[in-house]
Amino acid sequence: AGDVIVSVRIAAHPWFRREGRNLVVDVPITPSEAALGAKIDVPTLTEGVVVMTIPPGTSGGARLRLRGKGVPDRKTSERGDQMVLIRIAVPKHLSEAAQELYRQLRTEAPQNPRDGLWGG
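Using the working numbering, read the sequence shown as starting at 616 and increasing by one per residue.
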């Protein structure tokens, strides 16, 4: 009898990616959710959907932690964390009324996020 060679390929998950014992999932939020804060549904691998609080003033690219919702360690069974990577979904099409609200916001809450960068 001969040897049997088994090759295993694991497909990437459509939502989650691993960083060691941690899982990372990208979650889009609206500009108003980022500015004002919100409670949003976030998928987890083990518990289905959980509610997460987005703090007011959250920036795109922020990594929020769901402690203990990652991958278990093979030796200790201690779970890593799930990192929620915030992506701000800017609307592509705005009604005239929504455009006016953004213009008002620009006037009422002026800011330059590039202030001080590049020697400026």
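Glycine is no exception: its CB is placed at the ideal position from the N, C-alpha and C atoms.
For this session: Inspect the beta-carbon positions of I703 and I669 and report whether they are closer than 8 Å.
Result: no
Exercise. What are the boundary residues of the beta strand (DSSP E) that A653 is part of?
Worked result: It spans A653 to P658 - the beta strand (DSSP E) in which A653 sits, taken as one unbroken run.
Exercise. If you draw a straight line from the C-alpha of L638 to the C-alpha of M698, how long is it?
Worked result: 6 Å
Exercise. In the structure shown, what three-state DSSP assignment does P706 receive?
Worked result: coil
Problem set entry | For E662, the first and last residue of its enclosing beta strand (DSSP E) | Bounds of any beta strand (DSSP E) do not take in E662, whose DSSP letter is neither H nor E.
For this session: Could you say if the region 654-668 and the region 711-722 meet the contact criterion of at least three C-beta pairs nearer than 8 Å?
Result: no
For this session: Mind checking which residues open and close the beta strand (DSSP E) that includes E634?
Result: F631 to E634
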